[in-house]
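*Asks:* Take this structure first; my questions come after.
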Amino acid sequence: MKERMETESIYRMLASSIRQLFEKAQIRSEHLQEIRMRTGRPLILRMAGEEYTVTERGELSEELDQGHRITAHELDATLESISGYSLYAFDEEMKQGFLTVQGGHRIGLAGRIVTAGRQISCIRHISFLNIRLSHEIIGCADSVMPHLLQNGMLCHTLIISPPGCGKTTLLRDIIRQVSDGTGGCTGHTVGVVDERSELAGCWLGVPQNDLGMRTDVLDCCPKEDGMMMLLRSMSPQVIAVDELGGSEDGYAVENVFRCGCRLIATVHGSSIQDVRQKKHLDALSRNMLFERYIVLSRSDVSGRRTEVFDADGELLYVEETGL
Amino acid sequence: MQIGIKLAGCFCIIAAGWMTGWELERRLRQRWMFLKEMQELFLYLEKEMTYHRTTVETALREAAGNCATVLRDLLLTAADQVEQRRGELFRDIWEDAVRQTIPGSLLQQDQHDTVCEAAAALCGTDTVMQRTMLVKYAERFDEMSRQESQNCQEKGKLYRKLSTAAGVFIVIVLI
């Protein structure tokens, strides 16, 4: 039932002609990861890590050049439908090149950028869409949670992973479990700075993903400002942010540590050493401010490898799971 | 008895003439009120859309609550179709709603075309451009409603006088 509703909600985002092709091909939401639309180019779907297209006859095919070619009209209709015919309501998000829609799905946009000075004022003639479908995996952090707790307290934790290994999905479930409380740990007030609307997937201010009952979300807010705003206004016990790495992030993170809050964050990287080479995060790692590191990587054998290290780099836990 | 019947007949003919004039004037007044409401709608939407960032569906429903003419039906029909999200362009949704709700006799062709074209101001990617278009359409409908107001006063009186005179003329001819 839930899956059928998800599938219908995805269909409702698409132009009517593409929707008909999807219905003929019987594409279901559980398999879909991405829908890529480029004007004049074939429709491309990413399902379970593989690329497919839908032919004019509504058949799923691996031959991409046989796929239905997207027209400008279809792309415009999809864009309008995605935004509930209210593109202006997403003005600020669109300047950053994406918008988050009902269901927490994220739509990447590309086209002609209009600038005023060095500021992006809007995107016009949008000709490229990347619909990234949000798949919340409740319980994906169950195995690592016991290793993130020490004397009933959550450790400062950094999740390190290359793109596409599921660090945001893992962080989302950790936030939910910390907020609701999990075995050996009572619920904590969590403040989330969701700069790119990926964690909560807010639609008109309401989180579309379950981040727990004690979680407050600052949506579309720059991390460095958001962390300080949360500290001043919402008294969080734990602060969670996605994708550290900007020049201002290090300073804001140090402030979080000084205020006695616990921090959970993610960063792009392949290992602890890799992160220590990043200029802005070097001080944090060298001073051993993070007490736990979760390193995610692709594994040839099973899909994803999850390792948990302590501040000294001692391996505490390792797990291999399917992606 | 005969005189009584004749007087009643005369009264009916004159009343019918007067009513025809009144009906013609009422149509002119409806057109004027519709265009006036369109102008107010665009001023309202400019605030709701570009400042408050209200979604188009909510903004149309809220605006419909303040309308007394067929504009109310137009806005509600468009809002319902937006809610259904059938994967069409907003322009097509708006034109379809105009076709369904606005009687052919209400507007002149150029006014009807302007109402259809106004869809471009309600759904766009560029908020700066959208604000400009909303203001421009508000000005355009203001101009149209002024003309119609003048039209309504001038032609309305004329229609009433002419139709009453026609009634009187028929009575005289019959007598």
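Going line by line, the protein sequences match chains A and B. Okay, so the first sequence: first residue is 431 according to this note's numbering, each after it adds one. Okay, so the second sequence: first residue is 102 according to this note's numbering, each after it adds one. Backbone N, C-alpha and C fix where the C-beta goes; we use that ideal spot for every residue, glycine too.
1. Kindly list, in the order they appear in chain A, the residues whose Cβ is closer than 9 Å to that of B/Met150.
2. Taking CB distances under 9 Å as the criterion, tell me whether A/Ala455 reaches chain B.
3. Under a three-way DSSP split, which group does B/Ile106 fall into?
4. Please name the residue in A/Pro637, A/Ala695, A/Thr599, A/Thr530 whose C-alpha comes closest to that of A/Ile589.
5. Looking at A/Ser439: is its Cβ nearer than 9 Å to the Cβ of A/Thr530?
6. Using a 10 Å radius around the Cβ and a threshold of 16 neighbouring Cβ atoms, would you call B/Ala266 buried or exposed?
7. Helix, strand or coil for B/Asp251? Go by DSSP, reduced to three states.
8. Applying the criterion that 16 or more other CB atoms from any shown protein chain within 10 Å of the CB defines a buried residue, is A/Ala630 buried or exposed?
9. Any C-beta of chain A within less than 9 Å: which residues of the stretch 198-230 of chain B qualify?
10. Go ahead and pull the three-state DSSP assignment for A/Phe558.
11. Going by CA-CA distance only, name the one from B/Tyr152, B/Arg173, B/His153 that's closest to B/Arg162.
12. Which class does A/Asp572 belong to by DSSP, given the choice of helix, strand or coil?
13. Look at the alpha carbon of B/Val216 and the alpha carbon of B/Leu136, and state the distance between them as a whole number of angstroms.
14. Please check if any C-beta of chain B sits within less than 9 Å of the C-beta of A/Ser511.
15. Below 9 Å on C-beta distance, what does A/Cys422 contact in chain B?
16. For the stretch 179-190 of chain B, which residues have a beta carbon sitting closer than 7 Å to at least one beta carbon of chain A?
17. Tell whether a beta-carbon distance below 9 Å holds between A/Ile553 and A/Asp603.
18. Determine, for A/Asp649, whether the minimum Cβ-Cβ distance to residues of chain B falls below 9 Å.
19. At a CB-CB cut-off below 8 Å, which residues of chain B make contact with A/Asp506?
20. Under three-state DSSP, which class holds A/Cys615?
21. In whole angstroms, give me the CA-to-CA distance for A/Asp624 and A/Gly534.
22. On the three-state DSSP scale, how would you describe A/Cys632?
23. To which residues of the same chain is A/Ser446 closer than 8 Å at the C-beta, ignoring the five residues directly before and after it?
24. Is A/Met490 close to chain B? Criterion is C-beta to C-beta, closer than 9 Å.
25. Within its chain, find whatever has a CB closer than 6 Å to the CB of B/Arg192; leave out the 5 residues flanking it on each side and keep chain order.
26. If you run the structure through DSSP and keep just helix, strand and coil, what is A/His698?
27. What do you get for B/Ala179, buried or exposed, if any count of 16 or more other CB atoms within 10 angstroms of its CB means buried?
28. Are there three or more Cβ pairs, one per stretch, closer than 8 Å when the stretch 539-554 of chain A is compared with the stretch 245-262 of chain B?
29. Taking the alpha helix (DSSP H) that A/Thr508 belongs to, which residues open and close that run?
30. From the DSSP output, in three-state form, read off B/Ala198 for me.
31. What is the DSSP secondary structure of A/Leu517, counted as helix, strand or coil?
32. Are A/Tyr518 and B/Gly225 touching if we call contact CB-CB under 9 Å?
33. Do B/Val199 and B/Leu175 count as a contact pair if the criterion is CB distance below 9 Å?
34. Starting from the beta carbon of A/Ala445, find every residue of chain B whose beta carbon is closer than 7 Å, and list them in chain order.
35. Apart from the five residues just before and just after B/Glu196, which ones in its own chain have a Cβ nearer than 6 Å to its Cβ?
36. With a threshold of 9 Å between beta-carbons, can A/Arg449 be considered close to chain B, or not?
*Replies:* On the basis of the data shown:
1. As a first step, residue 150 of chain B is located in the second sequence; it is residue number 49 there, counting from the start. The contacting residues are Ser516, Tyr518, Ala519.
2. Indexing the first sequence from 1 puts residue 455 of chain A at position 25. Chain B, which has no Cβ nearer than 9 Å to the Cβ of A/Ala455, makes this no.
3. The residue you call residue 106 of chain B lines up with position 5 of the second sequence. In this structure, B/Ile106 counts as helix in the three-state DSSP scheme.
4. Residue numbering aside, residue 589 of chain A sits at position 159 when the first sequence is read from its first letter. The residue with the shortest Cα to Cα distance from A/Ile589 is A/Ala695.
5. Working through the first sequence from its first residue, we reach residue 439 of chain A at position 9. Working through the first sequence from its first residue, we reach residue 530 of chain A at position 100. Contact flag unset, no.
6. As a position in the second sequence, residue 266 of chain B is number 165, starting the count at 1. The C-beta of B/Ala266 has fewer than 16 other C-beta atoms within 10 Å across all chains shown, which makes the residue exposed.
7. Residue mapping note: residue 251 of chain B aligns to position 150 of the second sequence, counting from 1. Strictly speaking, residue 251 of chain B in this sequence is Gln, with Asp absent from that position. Helix at B/Gln251.
8. As a working note, residue 630 of chain A is residue 200 in the first sequence. With 16 or more Cβ atoms within 10 Å of its Cβ, A/Ala630 is classed as buried.
9. So the close ones are Leu223, Cys224, Gly225, Thr226, Asp227, Thr228, Val229, Met230.
10. On the first sequence, position 128 is the one that residue 558 of chain A refers to. Note: A/Phe558 maps to strand in three-state DSSP.
11. One-based indexing of the second sequence puts residue 162 of chain B at position 61. Per the Cα distances, B/Arg173.
12. Against the first sequence, residue 572 of chain A aligns to sequence position 142. Coil, per DSSP.
13. Position 115 of the second sequence, counted from the first residue, corresponds to residue 216 of chain B. Position 35 of the second sequence, counted from the first residue, corresponds to residue 136 of chain B. B/Val216 and B/Leu136: Cα-Cα distance of roughly 9 Å.
14. Here residue 511 of chain A corresponds to residue number 81 of the first sequence, with the count starting at 1. With 9 Å as the cut-off, A/Ser511 counts as an interface residue toward chain B.
15. One cannot answer for residue 422 of chain A here, as it falls past the ends of chain A, which runs 431 to 753.
16. Val183, Arg186, Arg187, Gly188, Glu189, Leu190
17. For the purposes of this step, residue 553 of chain A is taken as residue 123 along the first sequence, with counting starting at 1. For the purposes of this step, residue 603 of chain A is taken as residue 173 along the first sequence, with counting starting at 1. No. Outside cutoff.
18. If you number the first sequence from 1, residue 649 of chain A lands on position 219. Closer than 9 Å: no.
19. Here residue 506 of chain A refers to the residue found at position 76 when the first sequence is read from its first residue. The answer, in chain order, is Leu190.
20. Reading the first sequence from its first residue, position 185 is the one you call residue 615 of chain A. In this structure, A/Cys615 counts as strand in the three-state DSSP scheme.
21. By 1-based counting over the first sequence, the position of residue 624 of chain A is 194. By 1-based counting over the first sequence, the position of residue 534 of chain A is 104. Whole-angstrom Cα-Cα distance: 12 Å.
22. Here residue 632 of chain A corresponds to residue number 202 of the first sequence, with the count starting at 1. Coil, per DSSP.
23. By 1-based counting over the first sequence, the position of residue 446 of chain A is 16. Cβ neighbours of A/Ser446 beyond the five flanking positions: Ala507.
24. Within the first sequence, the letter at position 60 stands for residue 490 of chain A. Looking at the sequence provided, one finds Leu at residue 490 of chain A rather than Met. For A/Leu490, no Cβ of chain B is located within less than 9 Å of the residue's own Cβ.
25. Reading the second sequence from its first residue, position 91 is the one you call residue 192 of chain B. The residues are Ala220.
26. Position 268 of the first sequence holds residue 698 of chain A. The three-state reading of DSSP puts A/His698 in strand, counting E and B together.
27. For this step, residue 179 of chain B is matched to residue 78 along the second sequence. Burial check for B/Ala179: the Cβ neighbour count within 10 Å reaches 16 or more, so the residue is buried.
28. no
29. The count along the first sequence starts at 1 and reaches residue 508 of chain A at position 78. Element bounds for A/Thr508: 502-512.
30. Numbered from its first residue, the second sequence carries residue 198 of chain B at position 97. In the structure shown, B/Ala198 sits in a helix (DSSP, three-state: H, G or I).
31. What you label residue 517 of chain A is simply residue 87 of the first sequence in a count that begins at 1. Note: A/Leu517 maps to helix in three-state DSSP.
32. By one-based count along the first sequence, residue 518 of chain A stands at place 88. By one-based count along the second sequence, residue 225 of chain B stands at place 124. Yes, they are a contact pair.
33. Counting from one through the second sequence, the residue named residue 175 of chain B turns up at place 74. Counting from one through the second sequence, the residue named residue 199 of chain B turns up at place 98. The answer is yes: Cβ separation under 9 Å.
34. The residue given as residue 445 of chain A occupies position 15 in the first sequence. Residues of chain B passing the Cβ test: Gly188.
35. The residue you call residue 196 of chain B lines up with position 95 of the second sequence. Excluding residues within five positions, the ones whose Cβ falls inside 6 Å are Cys217.
36. Residue mapping note: residue 449 of chain A aligns to position 19 of the first sequence, counting from 1. Residue contact with chain B for A/Arg449: present (Cβ-Cβ distance below 9 Å to some residue of chain B).
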